[in-house]
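Residues 1 to 323 in my numbering are what the sequence shown spells out, letter by letter.
Right, one structure below, let's go through it.
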Amino acid sequence: MTQPRVLVTRRWPEAVEAAIADRFDAIFNESDRPLSNDDFKLAFKEVDAILPTVTDHIGASLFEAADTRTRILANYGVGFNHIDVDAAKGRGMVVTNTPDVLSECTADLAMTLMLMAARRVSEGEREVRDGEWSGWRPTHLLGTKISGKTLGLVGFGRIGREVARRAHHGFGMTVKVFNRSPVDPAVLRAFGAEQVASLEELLPQCDFVSLHCQGGADNRHLIDARRLNQMKPTAYLINTARGEVVDEKALAQALWFETIAGAGLDVYDGEPSVHPDLRACDNAVLLPHLGSATFETREAMGFRVIENLQDFFAGRTPRDRVI
Ligand code: DGY
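Here it is as C-alpha cells:
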C-alpha cells in the first residue's frame, strides 16, 4: 500500500523524524527555514498532510486553489491560531494539535519567568557577565518574594492548572482564576483557587498575573493600557500564551514608567521580532518562545502528531482533532 505523503515544515527531534520516515512518504525541510506562501501553495497540491508549527502562517488564501490534495494539517504545538481554521473547515480539512504533553513544561517556564522577573535574575546575570558586579551588599538588586503572594491566572485550561499546582502547592500562593466558562468547583478546590467573574475584578487583586488563554483575534490586546492600569504598581505580568494577547507598546510604557513592577515574556506579537521599547526595559525578562522546549516534550509533541496522522489515515477520528 502506498504511504501517505506528508510535509514536515521544520526540523523535529531526530527520533520523531525517524519514526515519520518509517511510517510515511515524508518530505523534510532540511534547511529549517520558515517556508514561504509559495512553498505552501505547492505543498497543498502535492502532499496529503502538512505538519506545521507556530512559525507557519497558513492564511485563507492558501486554501483557495481548486486542486488541493492536502486533507489534514497536523499541527506540532497546542496553539493553532497561525492556521485559518475556518478556511480549513470550508475545504473539509481536518486540523489537529498536540495538547497535554507540553502543559508541564510550559507551566515550568511560566514559574521560571515569575521567579526571574521578581528576583531580577536577568539584571543580575547581565551585571556579572558585563564585569559590573562590585560584590555583595545588603541593598543590592532587591527583588520581590513570590511565596505566599496572590497569582491571577487568565485562562484555566491544562497549562493554567499546571501553573496553579506549582504556585499553590509549591510556593503557597493564593490562586485566583479568570476563565470564560465556569470551572468545576472540585478542580478549583484542588488548587486552592477561586474563580472571579471578570478581569476587572482579577487584576487589582494580584501580585502576579499569568496569561494562559488562547491567542487569535478574540483575545488580541486583551491586556491593553486600561487593563495594565488596573494592575498593582507592584505587580508582574507573565505571558507564555501568545504575543498578541498583550498590547506590547502599552506594556513597554507601563514597564518604563513603572506603573507595574515587571514582566516575564516568552511570546511576542510578530515574533521573532520583539518590540524595541520592550527590549529597552530592564524590568522585562525576555525569552525566545521556550515554553515547550525540552527534549522530552518536543519528542512527545512529535509522537502525538504521528498518532493523530495514523488515526486520520486509518479512518478514525484523531484524538486531538480541533476541527
Ligand atoms: C504551542 O504548542 O502552542 C507552543 O507555543 C509552540 O508552538
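Every residue, glycine too, gets a C-beta built ideally from N, C-alpha and C.
The model shown is predicted, which means the values in this text are computed figures rather than measured ones.
| Check | Outcome |
| --- | --- |
| Is Asn97 helix, strand or coil by DSSP? | coil |
| Checking 9 Å against the spacing of the C-beta atoms, do His221 and Val245 come in under that value? | yes |
| May I have the straight-line CA-CA distance separating Leu115 from Val322, to the nearest angstrom? | 34 Å |
| Taking the C-alpha atoms as reference points, what is the distance between Arg242 and Gly215? | 5 Å |
| Determine the extent of the alpha helix (DSSP H) in which Asp38 is found, giving its start and end residues. | Asn37 to Glu46 |
| Pull up the distance between the alpha-carbon of Asp266 and that of Val121, whole angstroms please. | 15 Å |
| For Thr234, collect the residues of the same chain with a Cβ closer than 6 Å to its Cβ; drop the 5 residues on either side in sequence, then sort them by chain order. | Ala261 |
| Could you pull the DSSP bridge partners for Ser210 from this structure? | Leu153 and Ile238 |
| Would you mind giving the Cβ-Cβ distance between Asn75 and Thr96, rounded to the nearest angstrom? I have them listed as a contact below 8 Å. | 6 Å |
| Assess contact between the segment 192–206 and the segment 164–180, defined as three or more Cβ pairs (one per stretch) separated by less than 8 Å. Is contact present? | yes |
| Are at least three pairs of beta-carbons, each pair with one atom in the segment 129–145 and one in the segment 156–169, less than 8 Å apart? | no |
| Going by the DSSP bridge assignment, what does Arg5 pair with across the sheet? | Asp25 |
| For Ala110, which residues of its own chain have a beta-carbon under 7 Å away from its beta-carbon, when the five flanking residues on both sides are left out? | Val163, Ser210, Ile238 and Thr240 |
| Buried or exposed: Glu296, going by 16 or more other Cβ atoms within 10 Å of its Cβ? | exposed |
| Given a threshold of 16 other Cβ atoms within 10 Å of its Cβ, counted over all protein chains shown, does Thr317 qualify as buried or as exposed? | exposed |
| Would you tell me roughly how many angstroms separate the C-alpha atoms of Ala341 and Ser103, rounded to the nearest one? | One cannot answer for residue 341 here, as it falls past the ends of the chain, which runs 1 to 323. |
| Can you tell me whether Ser292 sits near the ligand DGY, meaning its C-beta is under 8 Å from at least one heavy atom of the ligand? | yes |
| Do Lys118 and Phe208 have their C-beta atoms closer together than 9 Å? | Going by the sequence as given, residue 118 is Ala instead of Lys. For Ala118 and Phe208, yes; Cβs fall inside 9 Å. |
| Asn374: buried (16+ other C-beta within 10 angstroms of its C-beta) or exposed? | No statement about residue 374 is possible, as the shown extent of the chain runs from 1 to 323 and does not include it. |
| Out of Gln205, Arg91, Glu30 and Phe171, which one is the CA nearest neighbour of Ser147? | Phe171 |
| Going by DSSP, what residues sit across from Ala121 in a beta bridge? | It is Val, not Ala, that sits at residue 121 in the sequence shown. In the DSSP output, where bridge partners are listed per residue, Val121 has none listed. |
| Would you kindly work out how many angstroms separate the C-alpha atoms of Lys232 and Cys206, rounded to a whole number? | 7 Å |
| Grab the span of the alpha helix (DSSP H) containing Gln253 for me, first residue to last. | Glu248 to Trp256 |
| Helix, strand or coil, according to DSSP, for Val285 in the structure here? | strand |
| Quick check on this structure: which residue in Gly315, Phe63 and His289 has the alpha carbon closest to the alpha carbon of Gly79? | His289 |
| State the beta-bridge partners of Glu194 as determined by DSSP. | Lys176 |
| Pick from Trp12, Gln3 and Asp277: whose alpha carbon is nearest that of Asp22? | Gln3 |
| With distances taken from CA atoms, which of Cys213, Arg158, Glu258 and Leu203 is nearest Val187? | Arg158 |
| Please classify Glu201 as buried or exposed, where buried requires at least 16 neighbouring CB atoms within 10 angstroms. | exposed |
| Measure the beta-carbon distance from Thr70 to Val47 and round it to whole angstroms, keeping in mind my assumption that it falls under 8 Å. | 6 Å |
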